[in-house]
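Position in the sequence shown (first residue = 1) + 138 = the numbering used here. For each residue, glycine too, the CB sits at the ideal point set by N, CA and C.
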Amino acid sequence: MDAVFTTIAYSSPVLLTLAAIEIYWLKRHGRPYRARDSLLSLADLAIRRVVSAVIGGGVLITIARWIPFRWLDLPLRSEPGWNWLNIGILVLAVEFFYYWFHRWSHEIRWFWATHAVHHSSNSMSLLTAERLGWTQSLSGAALTFFPLVLLGFKAQDVSVVLSLNLLYQFWLHTEVIGDLGWFESVFNTPSHHRVHHGANPRYLDANYGGILIIWDRLFGTFVAESSAEPVRFGLVKPLVSNNPVYIALHEWMNVAKDVSSHWRSPKRLLGYLFGPPGWSHDGSRLTSAQMKQRVVDP
Ligand SMILES: [Zn+2]
Ligand SMILES: [Zn+2]
Numbered sequence: 139m140d141a142v143f144t145t146i147a148y149s150s151p152v153l154l155t156l157a158a159i160e161i162y163w164l165k166r167h168g169r170p171y172r173a174r175d176s177l178l179s180l181a182d183l184a185i186r187r188v189v190s191a192v193i194g195g196g197v198l199i200t201i202a203r204w205i206p207f208r209w210l211d212l213p214l215r216s217e218p219g220w221n222w223l224n225i226g227i228l229v230l231a232v233e234f235f236y237y238w239f240h241r242w243s244h245e246i247r248w249f250w251a252t253h254a255v256h257h258s259s260n261s262m263s264l265l266t267a268e269r270l271g272w273t274q275s276l277s278g279a280a281l282t283f284f285p286l287v288l289l290g291f292k293a294q295d296v297s298v299v300l301s302l303n304l305l306y307q308f309w310l311h312t313e314v315i316g317d318l319g320w321f322e323s324v325f326n327t328p329s330h331h332r333v334h335h336g337a338n339p340r341y342l343d344a345n346y347g348g349i350l351i352i353w354d355r356l357f358g359t360f361v362a363e364s365s366a367e368p369v370r371f372g373l374v375k376p377l378v379s380n381n382p383v384y385i386a387l388h389e390w391m392n393v394a395k396d397v398s399s400h401w402r403s404p405k406r407l408l409g410y411l412f413g414p415p416g417w418s419h420d421g422s423r424l425t426s427a428q429m430k431q432r433v434v435d436p
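Given below as structure tokens:
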């Protein structure tokens with residue numbers, strides 16, 4: 139486990155090299171490349187590192203310290219009693235909880251306010267994977283993984299396996315890799331993840347998996363990429379800004395605007411904070427589910 143931790147810590151130079159190779163490949167093949175989007179993703183990464191250093195491990199690790207018990211004892215690292223089965227269980231369980239963490243990050247506006255940053259790039263390149271916003275550890279979304287801590291895994295181990303899961307997802311953010319045959323049926327791939335980043339109504343709310351695509355197939359959120367409908371990357375209402383602070387906080391500002399106008403009504407307040415993005419008390423806006431419904435079943 140410690141070796142895994144070291145791998146994650148030193149992965150940045152490898153990832154940056156891969157991103158440079160991608161740029162070279164795109165230029166060589168005369169394909170478009172938006173350097174501005176990549177620079178904004180790098181700015182997001184740099185500021186997130188600073189924010190993480192200041193606030194520490196975030197909600198999951200902080201709360202886990204207060205929990206005096208675990209139902210089971212499931213040691214992983216070089217502690218007595220660790221075994222590969224525990225590691226296998228944790229990897230699969232993190233994937234399952236990641237599916238819900240990611241799905242709720244789209245379906246609950248409080249969590250979407252951070253996750254919208256990841257979807258704000260209007261193009262798809264490897265560095266998009268590094269655009270994750272800075273407010274994740276404050277929003278509490280990581281508590282989705284809390285049952286694993288109660289079950290018996292250490293918060294630190296859950297966090298390391300989650301980092302590995304995110305590391306896998308780096309290569310999904312590219313237009314360079316096409317259909318991968320049988321691999322597409324079980325694993326998350328660039329094709330599946332391009333759909334996830336699509337703002338086309340039929341591609342909304344799809345393909346939430348991390349390493350695997352099986353939970354999407356099982357829970358009915360899988361959508362395959364179609365050559366008949368090229369993906370338009372970005373938010374439904376495209377975000378055009380060169381300001382990394384605005385990009386990171388734009389949805390929080392929208393939330394604040396709605397809350398300041400509707401805080402007197404508890405029902406509206408809850409809807410604007412925790413309802414699906416696009417929810418409005420008078421139906422004047424559309425949620426992504428409503429947009430999708432209009433296309434799939436006009
Ligand atoms: Zn997403
Ligand atoms: Zn992504």
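Status (buried if at least 16 other CB within 10 Å, exposed otherwise) for residue i
i, result
"residue 431", "exposed"
"residue 170", "exposed"
"residue 316", "exposed"
"residue 406", "buried"
"residue 383", "exposed"
"residue 174", "exposed"
"residue 155", "exposed"
Near ligand 1: residue i beta-carbon under 7 Å from a heavy atom
i, result
"residue 403", "no"
"residue 244", "yes"
"residue 240", "yes"
"residue 330", "no"
"residue 253", "yes"
"residue 256", "yes"
"residue 334", "yes"
CB of residue i within 8 Å of CB of residue j, strictly
i, j, result
"residue 268", "residue 387", "no"
"residue 282", "residue 239", "yes"
"residue 263", "residue 311", "yes"
"residue 232", "residue 326", "no"
"residue 270", "residue 256", "yes"
"residue 351", "residue 360", "yes"
"residue 230", "residue 176", "no"
Best match in the options for proximity to residue i [C-alpha to C-alpha]
i, options, result
"residue 225", "187, 375, 366, 300", "300"
"residue 367", "343, 314, 339", "339"
"residue 434", "260, 343, 276, 241", "343"
"residue 246", "415, 424, 423", "415"
"residue 272", "229, 250, 321", "250"
heavy atom of ligand 4 below 7 Å from residue i C-beta
i, result
"residue 346", "As far as ligands go, the structure on display features ligand 1 and ligand 2 and does not contain ligand 4."
Distance cut-off 7 Å: residue i Cβ against heavy atoms of ligand 2
i, result
"residue 311", "yes"
"residue 184", "no"
"residue 279", "no"
"residue 344", "no"
"residue 266", "yes"
Proximity test, Cβ basis, 8 Å: residue i and chain D
i, result
"residue 420", "Reference to chain D is not applicable here, since this structure consists of a single protein chain."
- Counting only runs that start and end within the region 237-318, where is the beta strand (DSSP E) found for 3 or more residues in a row? Secondary structure in the region 237-318: no beta strand (DSSP E) run of 3 residues or longer lies completely within the stretch.
- Task: Could you tell me which uninterrupted alpha helix (DSSP H) segments, each at least 4 residues in length, are contained entirely in the region 386-422, listed from first to last along the chain?
- Result: Counting only runs of 4+ residues, the alpha helix (DSSP H) found wholly inside the region 386-422 occupies 404-412, in chain order.
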